[in-house]
Amino acid sequence: MPPDASLVLAAVDFSDDARRAAWRAALVAAEQGARLELVHVMNRASASALRGLLRPQAGGEGRVLDSLRAMLDG
């Protein structure tokens, strides 16, 4: 990476490989004093499932956040 890079961009998809890539990107960004941006990518089936999770439900916000955290933590 050029020494004057101001942005590190990493694509993530909830996979273990993407999680490792995001950690590495964070380290590189920190070393370079750069901003880190993560872009989440997914196929249509995954997008559909996520839309189902995000549908408003009475008091469901906590469940959605818990589900998303569980997916991120693996």
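Using numbering that gives the first Met the number 0, the first residue of the sequence shown is number 0, and each one after it goes up by one. The beta carbon of each residue, even a glycine, is placed where N, CA and C say it ideally should be. Note that the coordinates shown come from a computational prediction; the quantities given were computed from them, not determined experimentally.
Along the chain, where does the beta strand (DSSP E) that runs through A33 open and close? It is not in any beta strand (DSSP E) - A33 carries neither H nor E in the DSSP assignment.
Please classify V27: does DSSP put it in a helix, a strand, or coil? helix
C-alpha distance - V27 paired with H39, whole-angstrom precision: 19 Å
Is it buried or exposed, A24, if we count other Cβ atoms within 10 angstroms and call 16 or more buried? buried
Cβ shell of R34 (< 6 Å), same chain only, five flanking positions each side left out: L6
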